[in-house]
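K.L.:
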Amino acid sequence: MTGLTYAVLAVMALALAFDYVNGFHDTANAIATSVSTRALKPQWAIAMSAAANFLGALTGTAVAKTVGAGLISNQAEGQAVVAAALVGATAWNLLTWRLGIPSSSSHALIGGLLGAAAVAAGLGSWNLGGVLGKVILPLVGSPLAGLLLALLLMIIIFNVFRRAHPRVMNDSFRRLQVLSAAFMAFSHGSNDAQKTMGVMTLALLTAGVIPEFKVPLPVILAAATAMSLGTAAGGWRIIRTMGTRVVKLDPVHGFAAETTAASVIIFASHFGMPVSTTHVISGAIMGVGASDRFNAVRWAVARNIGIAWIVTLPAAGGVAALAYLVLRPLLA
0 MTGLTYAVLA
10 VMALALAFDY
20 VNGFHDTANA
30 IATSVSTRAL
40 KPQWAIAMSA
50 AANFLGALTG
60 TAVAKTVGAG
70 LISNQAEGQA
80 VVAAALVGAT
90 AWNLLTWRLG
100 IPSSSSHALI
110 GGLLGAAAVA
120 AGLGSWNLGG
130 VLGKVILPLV
140 GSPLAGLLLA
150 LLLMIIIFNV
160 FRRAHPRVMN
170 DSFRRLQVLS
180 AAFMAFSHGS
190 NDAQKTMGVM
200 TLALLTAGVI
210 PEFKVPLPVI
220 LAAATAMSLG
230 TAAGGWRIIR
240 TMGTRVVKLD
250 PVHGFAAETT
260 AASVIIFASH
270 FGMPVSTTHV
280 ISGAIMGVGA
290 SDRFNAVRWA
300 VARNIGIAWI
310 VTLPAAGGVA
320 ALAYLVLRPL
330 LA
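Start counting the sequence shown at 0; every next residue gets the next number (numbering that gives the first Met the number 0).
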């Protein structure tokens, strides 16, 4: 790729920084349940998650096309818009990580992109069909799907293994959790890394470096590497929230939550939907907890997580809008 300007290089650096932060912010999505049930030691869980995230990031570009070419119109595209979106998303990720709140990196990035585009070219620059169909509906539907499907899977498991000794059952599902955790990490890479690929490709397209929206191989490899390195750094604050504070998990719960969430995310990735892995696994954890009894879930913690879900889009969008005003003269 030739013709890279300082502005484009700055945007690419911001994108990779966001991807790295996304990796350690969302480490909990893949390994919190496995660590909390002692299916995996933390160091092994993080190493496995980093490798699986990298492999998952190489599986497609449908989500990247949605983020980079399906949410805002051409009139709003530009280096300052992309850079401001990344600043808004990264700032929100760091704040929620510091507070130990499992918010959505995906919707922080999308909110940042919409906020910056609104300031740059008005609300008319939003592709409402793409925003509603690929962002808002999955935002609501994916955690509900995670909750209901996880609850259903737990009911099936309990009926199939109703005569099994609890200790034998826990030992069996603790081993199975190694596979379900790897599946969850793989699905995370398949969806989240592509979002960064999308904004990086958008930056290259608006700068005239590439002639059409097609994710270059170096962008795919760079995004996959940055996310896996961030995952390897870990995110212990959020791991504690996801793994212990929402509901007390046994290995069977962890297996069901991870398997359900990963399946929902893989399905969404195939259809180019940038869902939140955080939302999906949180919903699945609540579903497996509710399968024992409704009050097994610490609904006050769940409520705080839900508030963070709602606030993420406008909060990241607001920061991105302010960042655009600062960055526009610098990256013009």
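Positions of the beta carbon are idealized from the N, C-alpha and C atoms, including for glycine.
From a predicted model like this one, the values you see are computed outputs, not experimental measurements.
Going along the chain, which unbroken runs of the alpha helix (DSSP H) with 4 or more residues stay wholly within the stretch 69-139?
P.N.:
Runs of alpha helix (DSSP H) with 4 or more residues, each lying fully within the stretch 69-139, are found at 78-98, 104-120, 127-130, listed in chain order.
K.L.:
Less than 8 angstroms between the C-beta atoms of Thr-95 and Ala-16, yes or no?
P.N.:
No, they are not a contact pair.
K.L.:
For Gly-242 and Ala-120, what's the separation of their Cα atoms in angstroms?
P.N.:
The predicted model places Gly-242 with a pLDDT of 44, which falls under 50 and marks its position as unreliable; any figure quoted below should be read in that light. Cα to Cα, the separation comes out at about 42 angstroms.
K.L.:
Compare the C-alpha of Ala-192 against each of Gly-271, Gln-42, Leu-312, Ala-315 and name the closest.
P.N.:
Closest in alpha carbon position to Ala-192, among Gly-271, Gln-42, Leu-312, Ala-315, is Gly-271.
K.L.:
Does DSSP classify Gly-271 as helix, strand or coil?
P.N.:
The answer is coil: DSSP assigns Gly-271 none of H, G, I, E or B.
K.L.:
Taking only three categories from DSSP, how would you classify Thr-60?
P.N.:
coil
K.L.:
Report all residues from its chain with a CB closer than 7 angstroms to the CB of Ala-221; omit the five preceding and five following residues, and keep chain order.
P.N.:
Leu-15
K.L.:
Count the CB pairs spanning the stretch 275-283 and the stretch 246-259 that are closer than 8 angstroms, and state whether there are at least three.
P.N.:
A contact exists between the stretch 275-283 and the stretch 246-259.
K.L.:
For the candidate residues Met-226, Ser-275, Leu-216, Ile-264, whose alpha-carbon lies nearest to that of Tyr-19?
P.N.:
Met-226
K.L.:
Starting from the Cα of Val-66, find the closest Cα among Ala-202, Lys-194, Gly-229 and give me that residue.
P.N.:
Of the residues Ala-202, Lys-194, Gly-229, the one whose Cα lies closest to the Cα of Val-66 is Lys-194.
K.L.:
Rank Met-199, Ile-155, Gly-123, Ala-44 by C-alpha distance to the C-alpha of Leu-108 and give the top, closest one.
P.N.:
Met-199
K.L.:
By DSSP, does Thr-4 sit in helix, in strand, or in coil?
P.N.:
coil
K.L.:
Judging by CA-CA distance, which residue of Gly-286, Leu-312, Arg-327 is the nearest neighbour of Leu-143?
P.N.:
Gly-286
K.L.:
By Cβ distance below 7 angstroms, which residues in the same chain neighbour Ala-116 in space, the five residues on each side in sequence not counted?
P.N.:
Ile-71, Ala-75, Val-80, Ser-124, Trp-125
K.L.:
Tell me which same chain residues have a C-beta within less than 7 angstroms of the C-beta of Gly-316, skipping the five on either side of it?
P.N.:
Gly-87, Gly-110, Gly-111, Leu-113, Gly-114
K.L.:
Give every residue of the same chain whose Cβ lies closer than 6 angstroms to the Cβ of Leu-203, excluding the five residues on either side of it in the sequence, and list them in chain order.
P.N.:
Ile-209
K.L.:
DSSP on Thr-258, reduced to helix/strand/coil?
P.N.:
helix
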